[in-house]
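Sequential numbering of the sequence shown, starting at 0, is according to numbering that gives the first Met the number 0.
In what follows, a structure is listed as structure tokens, so that the remarks can point back to it.
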Amino acid sequence: MIKAEINELLRQYVRDNLSPDEKDRAFVSNIYESFTELLNNNCIQIGSYPRFTSVRPLHDLDILYILGEWNQYEHNPQSALSELFKSVKADYENPTDYAVEVSLQTHSVTVAYFEGKEEIFSVDIVPAYIFFKNEFQLDTYKVPEILRKKHGQKRNEYYQQLATQGRQMEWINSDPRGYIQVATEINKSSNDFRKSVKFVKAWANSYKAKYDDFKMKSFHIEQLITIQYTHQPNLEIFDAVFQFFLQLPEAFSKAQVTDRADNTRYIDDYVNDITQTQKNLILEARNRFLSKLESVYFDIEVEDLLEPILYTRLPSEDFLYDRQIPTLTESTMTIEGWIQKDGNDFRRLTQQGFIDNGLKIKFKLHMGVDCDEYWWKVKNDNNCEQPRGDITVGSTKNVPEDTKYPGNHYVECYAIRDGICIAKARQNVVIKEKRSLYPSH
């Protein structure tokens, strides 16, 4: 599938399935307005929603409750939050049809919206103090470290952990307005930035829903893609997504994305704490995405790319993506297999590829295309002694190849032009074990 087609396919999928629709936007807007009235506009909305990088379904919203200027010797928000809690309980005008439950913690007030026993949405109101100005002359803040944790149960668990340890909440620098401004500026020059972020977030969310140990954070995803667009403003969605997955092994080798508000911190410092097993889970999901993308000829179902399936690649197998080569097929070509019977006498292999073991076979292009080079891949059955998967330039690694191992194999040829696979062809090879004419009894 050529790049223009896959770009439009990805964009359309984001528009139709991931971006909040008018009903979603109205829902969040009404909820936020209900709190600005309570807080006398001393608040700001933060997170992915005001950066326009959130994906459906929407689950939560963080609001910073601005209490004034930071004073390192006096910053106890408990009385203000206690008053807010009472105000919400007594005076809050719920703009939704859902039932509301309000809870008070030492450093936040949570308002949860329920349909029966199911939580539909939640709002965390977190205290903040004005601290400094960023390069856009916008306020930065001091906020409790709880904002670095997830919503809901994860935050409650963290409160319990602090109580058990007898530890006070730490206050950290935060620059939500700066992140919003950066996202806004990038989006002015690239219409695909937000779509790229949403698509990769949807991919990660599908794995998070299936695997508890899938620990990739949405904000980390967004900032990695932000860095890409900062250096390459003209990126299209396919290129951005492809580059994102190429860089994942390096991105999870160590924390490296500096926090805007504090250059001694990293927004991806959780990478240093997750286990190797958890990292491997992310990399296996990444391998599945890239290998699936590489297998595309002319049609692709976006849902297949997002399906939470793991791929543990064999050490012997090569892929074009290992060489940073995307597969964007724009034309057709065919290859043929020729079986050596006696000496130099060859017969053509059928497309089904059935052949006895113990023979020789060679492959050649029947119909090629205009390109720089042809690369060849021989992939044997995963269950055989030598599963292979090597990619070589010009021809298969062995000319001719042996039909040594029974099983389902294939040979592919890739036409490479300007660092892109612009055409590919496959020949299946199904090797059967030759039966003896005189079976034993």
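Using N, Cα and C, we set each Cβ at its ideal position, and we do this for glycine too.
Using three-state DSSP, classify residue i as helix, strand or coil.
i	result
S33	helix
Q104	strand
R259	coil
I65	strand
I281	helix
Y128	strand
Q44	strand
E56	As written in the sequence, residue 56 is Pro, which differs from the Glu given in the question. It is coil, neither helix nor strand.
Y12	helix
K361	strand
I354	strand
R443	Here the chain comprises residues numbered 0 to 440, so residue 443 is not present and cannot be evaluated.
T139	strand
S252	coil
D268	helix
V240	helix
I119	strand
F51	coil
Y97	coil
E73	coil
Y112	strand
S439	Low confidence applies to S439: its pLDDT is 41, below 50, so where it sits in the model is not reliable enough to give any reading.
L17	helix
Using the rule of at least 16 other Cβ atoms within 10 Å of the residue's Cβ for burial, across every protein chain shown, is residue i buried or exposed?
i	result
Y12	buried
P175	buried
L80	buried
Y72	exposed
P143	buried
A3	exposed
Y437	Note on Y437: pLDDT 39, under 50, position unreliable in the model; the coordinate value appears next. The residue in question, Y437, is exposed, as its Cβ has fewer than 16 Cβ neighbours within 10 Å.
F251	buried
R14	exposed
T109	buried
D371	exposed
R346	exposed
F241	buried
R248	The sequence as given places Pro at residue 248; Arg does not occur at that position. Per the 10 Å Cβ criterion, exposed.
F120	buried
Q351	exposed
A98	exposed
F84	buried
F297	exposed
D138	buried
E400	buried
P446	Residue 446 cannot be examined here, being either before or after the span of the chain that is shown, 0 to 440.
N40	exposed
D258	buried
A25	exposed
Thinking residue i and residue j are a contact (beta carbons under 8 angstroms), I'd like their distance in whole angstroms, please.
i	j	result
V410	K431	Actually they do not touch by this definition, with Cβ atoms about 17 angstroms apart.
L313	Y413	Actually they do not touch by this definition, with Cβ atoms about 19 angstroms apart.
D261	L146	Wrong, their Cβ atoms sit about 13 angstroms apart, outside the cutoff.
V256	I220	Their Cβ separation, rounded to whole angstroms, is 11 angstroms, which puts V256 and I220 out of contact at 8 angstroms.
M366	T391	In fact, because the Cβ distance is near 21 angstroms, the residues do not count as touching under 8 angstroms.
I1	E235	At roughly 12 angstroms, the Cβ-Cβ gap does not stay under 8 angstroms, so I1 and E235 are not in contact.
V27	L57	6 angstroms
W337	I360	7 angstroms
L358	T395	So it is not a contact: roughly 15 angstroms between Cβ atoms.
F288	F244	6 angstroms
P19	I179	About 16 angstroms separates the two Cβ atoms, so there is no contact after all.
F131	G177	Going by Cβ atoms, the distance from F131 to G177 rounds to 11 angstroms, so no, they are not a contact pair.
Y404	Q426	Incorrect: roughly 16 angstroms between the Cβ atoms, too far for contact.
D389	D317	6 angstroms
Please give the ranges of any beta strand (DSSP E) in the stretch 365 to 436, keeping only runs that are unbroken, at least 3 residues long and fully inside the region. Secondary structure remark: continuous beta strand (DSSP E) runs of at least 3 residues inside the stretch 365 to 436, in chain order: 372 to 378, 387 to 392, 406 to 416 and 419 to 431.
Contiguous beta strand (DSSP E) assignments of at least 3 residues, all confined to the stretch 290 to 343: Secondary structure remark: continuous beta strand (DSSP E) runs of at least 3 residues inside the stretch 290 to 343, in chain order: 333 to 341.
Which runs of the beta strand (DSSP E) fall wholly inside the stretch 161 to 226 and span at least 3 residues, in chain order? Within the stretch 161 to 226, the complete beta strand (DSSP E) runs of at least 3 residues fall at 170 to 173.
Could you tell me whether the stretch 205 to 221 touches the stretch 267 to 279, using the rule of 3 or more Cβ pairs below 8 angstroms? Contact annotation: the stretch 205 to 221 touches the stretch 267 to 279, with at least three C-beta pairs closer than 8 angstroms.
Is it the case that the stretch 185 to 204 contacts the stretch 222 to 240, given that we only count it when at least three CB pairs across the two stretches are under 8 angstroms? Output reads yes: the stretch 185 to 204 touches the stretch 222 to 240.
Closer than 8 angstroms is the cut-off here; do at least three beta carbon pairs connect the stretch 34 to 46 with the stretch 3 to 19? Between the stretch 34 to 46 and the stretch 3 to 19 there are fewer than three C-beta pairs closer than 8 angstroms, too few to call the two in contact.
I'd like to know if the stretch 204 to 212 and the stretch 294 to 301 are in contact, where contact means that at least 3 CB-CB pairs between them fall below 8 angstroms. The stretch 204 to 212 vs the stretch 294 to 301: no contact.
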